[in-house]
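Down below is the structure, laid out as structure tokens.
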Amino acid sequence: MPQSSAASKTPNTAGQKALVIGAGIVGVNVALALQDKGYDVTIVDRGEPGMGASFGNAGGIAVTECAPIAMPGILSNVPGWLMDPLGPLSVRWRYLPQMLPWLARFLAASSKNRVEQIATELAALLHRAWDDYDPVIAKAGLADAVFKKEGALAVYRTDASRRKDDYGIDLRRRNGINIRDVSRSEIRDLEPDLAPIFACGVMEEDWGRVLDPYKIVMGLFKLFTDRGGKFETGEVTDFVYRDGKPRAAITTSGDNITFDTVVVACGAWSKTLAKRLGSPVPLDTERGYNTTVPYHGASLSRMVICADDSFVMTPMEMGIRVGGAVELGGLVAAPNYDRAKALFAKGQQVLPKLNPEGGTEWMGFRPSMPDSKPVISKSPNHQNVFFAFGHGHLGLTLAATTGRLISDLMSGAETPVNMTPYRINRF
Numbered sequence: 026m027p028q029s030s031a032a033s034k035t036p037n038t039a040g041q042k043a044l045v046i047g048a049g050i051v052g053v054n055v056a057l058a059l060q061d062k063g064y065d066v067t068i069v070d071r072g073e074p075g076m077g078a079s080f081g082n083a084g085g086i087a088v089t090e091c092a093p094i095a096m097p098g099i100l101s102n103v104p105g106w107l108m109d110p111l112g113p114l115s116v117r118w119r120y121l122p123q124m125l126p127w128l129a130r131f132l133a134a135s136s137k138n139r140v141e142q143i144a145t146e147l148a149a150l151l152h153r154a155w156d157d158y159d160p161v162i163a164k165a166g167l168a169d170a171v172f173k174k175e176g177a178l179a180v181y182r183t184d185a186s187r188r189k190d191d192y193g194i195d196l197r198r199r200n201g202i203n204i205r206d207v208s209r210s211e212i213r214d215l216e217p218d219l220a221p222i223f224a225c226g227v228m229e230e231d232w233g234r235v236l237d238p239y240k241i242v243m244g245l246f247k248l249f250t251d252r253g254g255k256f257e258t259g260e261v262t263d264f265v266y267r268d269g270k271p272r273a274a275i276t277t278s279g280d281n282i283t284f285d286t287v288v289v290a291c292g293a294w295s296k297t298l299a300k301r302l303g304s305p306v307p308l309d310t311e312r313g314y315n316t317t318v319p320y321h322g323a324s325l326s327r328m329v330i331c332a333d334d335s336f337v338m339t340p341m342e343m344g345i346r347v348g349g350a351v352e353l354g355g356l357v358a359a360p361n362y363d364r365a366k367a368l369f370a371k372g373q374q375v376l377p378k379l380n381p382e383g384g385t386e387w388m389g390f391r392p393s394m395p396d397s398k399p400v401i402s403k404s405p406n407h408q409n410v411f412f413a414f415g416h417g418h419l420g421l422t423l424a425a426t427t428g429r430l431i432s433d434l435m436s437g438a439e440t441p442v443n444m445t446p447y448r449i450n451r452f
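Residue numbers (our numbering): 26 to 452.
In structure tokens form, the structure reads like this:
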């Protein structure tokens, strides 16, 4: 059910100084939503806007993906995955000791009862995604230029592999997701450039994609600055307290950025700051890889999900992006681009016209919670602190919805969904 914040009256937010830490797709959407409420907003980021996970992600508006990553039976797959350094899930062995608490919670979230609950809670957010995005992208003049809503095609090499996904597909259908089965011949009609190796598939009707994720962030960032929003480059490491509340962010350069309220929305780097603010959280990083190549005669009309091999291919403005899989390795280790090459080789099997000439490899950090749900939450410790991170594979998808919900929580407005499942202290 909808939920009101703890405030009994909506406060006068006009002119209040809000600081958003993080200039990715989530942080920029939060900043825009706060501007709509009358806040004077500053964004601070350790790098340039949109240059983190928002820059090179797969570009999906994945409103159908309410099934969590940890599904029933996943434990039986883990040993095989871990022994394959280029498989769909791998762990940097040196990082494994640090990952064990996260992995334990991840596996605990895969019980059927938990999966059923998580799917319902994710669906509550995902059903809002397009409605929350549409006015934002319209204000920024981006709708016709970069957003497409033609669905995504998931393909299977055999009927048996499709049947293995019966539970997950049924789970999503039961949560209001539109998914229809497609035959071998329909796959050929829909995507004639795909190799004739697929027995069946499903069309995820409400899925969308963007033609350039970075362009989305920068278009929204321009709207933010055109409205008078301010941006500062700096890595926030701690906070200054007055009267028991954090009132300024301290950067590595020694600057203090004052605020009335603060939102931690810096993706994979949010864990340290949340702990500084009294809210330790089991956030960790899924390192994702992809390769983007010019079209070179290859053609796709929509995003294609290769279900058997756990990767996706997205037609974008600059070419076709091939990526996916999960590497658990933290924020420090150097990228292993052999993973990108292995994914691209699989892509060539599926789309034979793919040509690596002129391609660009990329690795980014997905900020992930063990239960696949984001943190969209007020602080249990400080009335003027809020959190918006941990979206995993759904950052681009849920960015506008997250902005809307954070602005409601901060201003004391009623939220359109129950916020309890996304609280920072749920573990």
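No residue lacks a Cβ here, since even glycine has one placed at the ideal position from N, Cα and C.
Values in this document were obtained by computation on a predicted structure and should not be read as measured data.
Review point. For residue 216, which option in 148, 123, 339 has the closest C-alpha, if you only look at C-alpha atoms?
Key: As a working note, residue 216 is residue 191 in the sequence shown. When each option's Cα is compared against that of residue 216, the closest is 339.
Check your understanding: Under the three-state reduction of DSSP, which class applies to residue 271: helix, strand or coil?
Key -> Numbered from its first residue, the sequence shown carries residue 271 at position 246. Strand, per DSSP.
Practice item. Give the secondary structure of residue 218 by DSSP, where H, G and I count as helix, E and B as strand, and everything else as coil. Key: Residue numbering aside, residue 218 sits at position 193 when the sequence shown is read from its first letter. Coil.
Practice item. Sort 330, 75, 409 by Cα distance to residue 268 and report the nearest one. Key: Taking the sequence shown and counting its residues from 1, the one referred to as residue 268 is at position 243. For residue 268, the nearest C-alpha among the options comes from 409.
**Study point:** Span separating the alpha-carbon of residue 406 from that of residue 301
**Key:** Translated into positions along the sequence shown, residue 406 becomes position 381. Translated into positions along the sequence shown, residue 301 becomes position 276. Looking at the two C-alpha atoms, the distance is approximately 11 angstroms.
Review point. Grouping DSSP H, G and I as helix and E and B as strand, with all else coil, what is residue 53?
Key: Counting from one through the sequence shown, the residue named residue 53 turns up at place 28. DSSP places residue 53 in helix when its eight states are reduced to three.
Review point. How would you call residue 426, buried or exposed, if buried means at least 16 neighbouring beta carbons within 10 angstroms?
Key: Here the question's residue 426 lines up with position 401 in the sequence shown. Result: buried.
Check your understanding: Where residue 295 and residue 237 are concerned, what is the direct C-alpha to C-alpha distance, given to the nearest angstrom?
Key -> Numbered from its first residue, the sequence shown carries residue 295 at position 270. Numbered from its first residue, the sequence shown carries residue 237 at position 212. Approximately 25 angstroms between the Cα atoms of the pair.
Review point. Would you call residue 265 buried or exposed, if buried means 16 or more other Cβ atoms sit within 10 Å of its Cβ?
Key: The residue given as residue 265 occupies position 240 in the sequence shown. So residue 265 counts as exposed.
Check your understanding: What residues are listed by DSSP as bridge partners for residue 310?
Key -> Along the sequence shown, one-based indexing puts residue 310 at 285. Answer by DSSP bridge pairing, in chain order: 392.
Review point. Cβ atoms of residue 47 and residue 290: under 7 angstroms apart, would you say?
Key: The residue you call residue 290 lines up with position 265 of the sequence shown. The residue you call residue 47 lines up with position 22 of the sequence shown. Their beta carbons are under 7 angstroms apart, which means residue 290 touches residue 47 by this criterion.
Check your understanding: How big is the Cα-Cα spacing for residue 211 and residue 178?
Key -> Locating residue 211 in the sequence shown gives position 186, counting from the first residue. Locating residue 178 in the sequence shown gives position 153, counting from the first residue. Answer to the nearest angstrom: the Cα atoms are 11 angstroms apart.
Exercise for review: Can you tell me which of the three DSSP states residue 353 falls into?
Suggested key: By 1-based counting over the sequence shown, the position of residue 353 is 328. The answer is strand: DSSP assigns residue 353 an E or B state.
Practice item. Report the partner residues of residue 344 according to the DSSP bridge assignment. Key: Numbered from its first residue, the sequence shown carries residue 344 at position 319. The partner list for residue 344 (beta bridge, DSSP) reads 341.
Exercise for review: Would you mind stating whether residue 395 and residue 139 have Cβ atoms separated by less than 7 angstroms?
Suggested key: Within the sequence shown, residue 395 is the residue found at index 370, counting from 1. Within the sequence shown, residue 139 is the residue found at index 114, counting from 1. It is not a contact, given that the beta carbons lie outside the stated cut-off.
Exercise for review: Output yes or no for whether 7 angstroms exceeds the beta carbon distance between residue 134 and residue 196.
Suggested key: Looking up residue 134 in the sequence shown gives position 109. Looking up residue 196 in the sequence shown gives position 171. The answer is no: Cβ separation not under 7 angstroms.
Check your understanding: Hey, residue 400 and residue 45: beta-carbon distance below 7 angstroms or not?
Key -> The residue you call residue 400 lines up with position 375 of the sequence shown. The residue you call residue 45 lines up with position 20 of the sequence shown. In this structure, residue 45 does not lie closer than 7 angstroms to residue 400 by Cβ.
Review point. When burial is assigned at 16 or more other CB atoms within 10 Å of the CB, is residue 160 buried or exposed?
Key: The residue given as residue 160 occupies position 135 in the sequence shown. With fewer than 16 Cβ atoms within 10 Å of its Cβ, residue 160 is classed as exposed.
Review point. What did DSSP end up calling residue 68 once you bin it into helix, strand or coil?
Key: If you number the sequence shown from 1, residue 68 lands on position 43. Three-state result, residue 68: strand.
Review point. For the alpha helix (DSSP H) that contains residue 191, what are its first and last residues?
Key: Within the sequence shown, the letter at position 166 stands for residue 191. Run containing residue 191: 191-199, per the alpha helix (DSSP H) assignment.
Check your understanding: In its own chain, which residues sit with a C-beta less than 8 angstroms from the C-beta of residue 362, not counting the 5 before and 5 after it?
Key -> What you label residue 362 is simply residue 337 of the sequence shown in a count that begins at 1. Within the same chain, residue 362 has close Cβ partners 314, 386, 388.
Point to revise | Cβ neighbours of residue 222 in the same chain (closer than 7 angstroms, five flanking residues each side left out) | key: Walking along the sequence shown from the start, residue 222 turns up at place 197. If we look at residue 222 and ignore the five residues flanking it on each side, its Cβ neighbours are 182.
Exercise for review: For residue 328, count neighbouring Cβ atoms within 10 angstroms of its own Cβ and tell me buried if that reaches 16, exposed if not.
Suggested key: Sequence index remark: in the sequence shown, residue 328 carries index 303 (1-based). Looking at its Cβ environment, which holds 16 or more other Cβ atoms inside 10 Å, residue 328 is buried.
Review point. Roughly how far, in whole angstroms, is the beta-carbon of residue 68 from the beta-carbon of residue 58, given that I think they are within contact range, below 8 angstroms?
Key: Taking the sequence shown and counting its residues from 1, one reaches residue 68 at position 43. Taking the sequence shown and counting its residues from 1, one reaches residue 58 at position 33. With 8 angstroms as the limit, residue 68 and residue 58 do not qualify as a contact, their Cβ atoms being about 13 angstroms apart.
Check your understanding: If we ignore side chains and look at the alpha-carbon of each, how far apart do residue 31 and residue 437 end up?
Key -> For the purposes of this step, residue 31 is taken as the residue at position 6 of the sequence shown. For the purposes of this step, residue 437 is taken as the residue at position 412 of the sequence shown. Note that residue 31 scores a pLDDT of 42, beneath 50, so its modelled location is shaky; the value from the coordinates is reported in the next line. Straight-line Cα distance between these residues: approximately 7 angstroms.
Review point. If you run the structure through DSSP and keep just helix, strand and coil, what is residue 418?
Key: Here residue 418 refers to the residue found at position 393 of the sequence shown. Correct three-state label for residue 418: helix.
Point to revise | N- and C-terminal bounds of the beta strand (DSSP E) containing residue 45 | key: As a position in the sequence shown, residue 45 is number 20, starting the count at 1. Residue 45 -> beta strand (DSSP E) spans 42-46.
Review point. So what does residue 327 bridge to, in DSSP terms?
Key: The residue given as residue 327 occupies position 302 in the sequence shown. Residue 327 pairs with nothing; no bridge assigned.
Check your understanding: What span of residues does the alpha helix (DSSP H) with residue 76 cover, start to end?
Key -> Taking the sequence shown and counting its residues from 1, one reaches residue 76 at position 51. Segment: none, residue 76 is in no alpha helix (DSSP H) and carries neither H nor E.
Check your understanding: Can residue 229 and residue 204 be called in contact, C-beta distance under 7 angstroms?
Key -> Counted from its first residue, the sequence shown places residue 229 at position 204. Counted from its first residue, the sequence shown places residue 204 at position 179. Yes, the Cβ-Cβ distance between residue 229 and residue 204 is below 7 angstroms.
Review point. Apart from the five residues just before and just after residue 415, which ones in its own chain have a Cβ nearer than 6 angstroms to its Cβ?
Key: Position 390 of the sequence shown, counting from 1, holds the residue named residue 415. These residues qualify, in order along the chain: 308, 392, 394, 399, 400.
Point to revise | Limits of the alpha helix (DSSP H) - the one that residue 177 falls within | key: The residue you call residue 177 lines up with position 152 of the sequence shown. Residue 177 -> not in any alpha helix (DSSP H); beta strand (DSSP E) instead, spanning 177-181.
Review point. Quick one: does the C-beta of residue 215 sit closer than 6 angstroms to a heavy atom of the ligand FMN?
Key: Of the ligands one can find in the structure shown there are none, so the ligand FMN has no counterpart to examine.
Check your understanding: Tell me, which residues are paired with residue 255 by DSSP?
Key -> Mapped onto the sequence shown, residue 255 falls at position 230. Looking at the DSSP assignment, residue 255 forms a beta bridge with 67.
Check your understanding: Rounded to a whole number of angstroms, what is the C-alpha to C-alpha distance between residue 343 and residue 271?
Key -> Stepping through the sequence shown from its first residue, residue 343 is reached at position 318. Stepping through the sequence shown from its first residue, residue 271 is reached at position 246. Their Cα atoms are separated by approximately 43 angstroms.
Check your understanding: Just to confirm, are residue 337 and residue 369 a CB contact at a threshold of 7 angstroms?
Key -> Residue numbering aside, residue 337 sits at position 312 when the sequence shown is read from its first letter. Residue numbering aside, residue 369 sits at position 344 when the sequence shown is read from its first letter. No, the pair does not count as a contact, with Cβ atoms beyond the cut-off.
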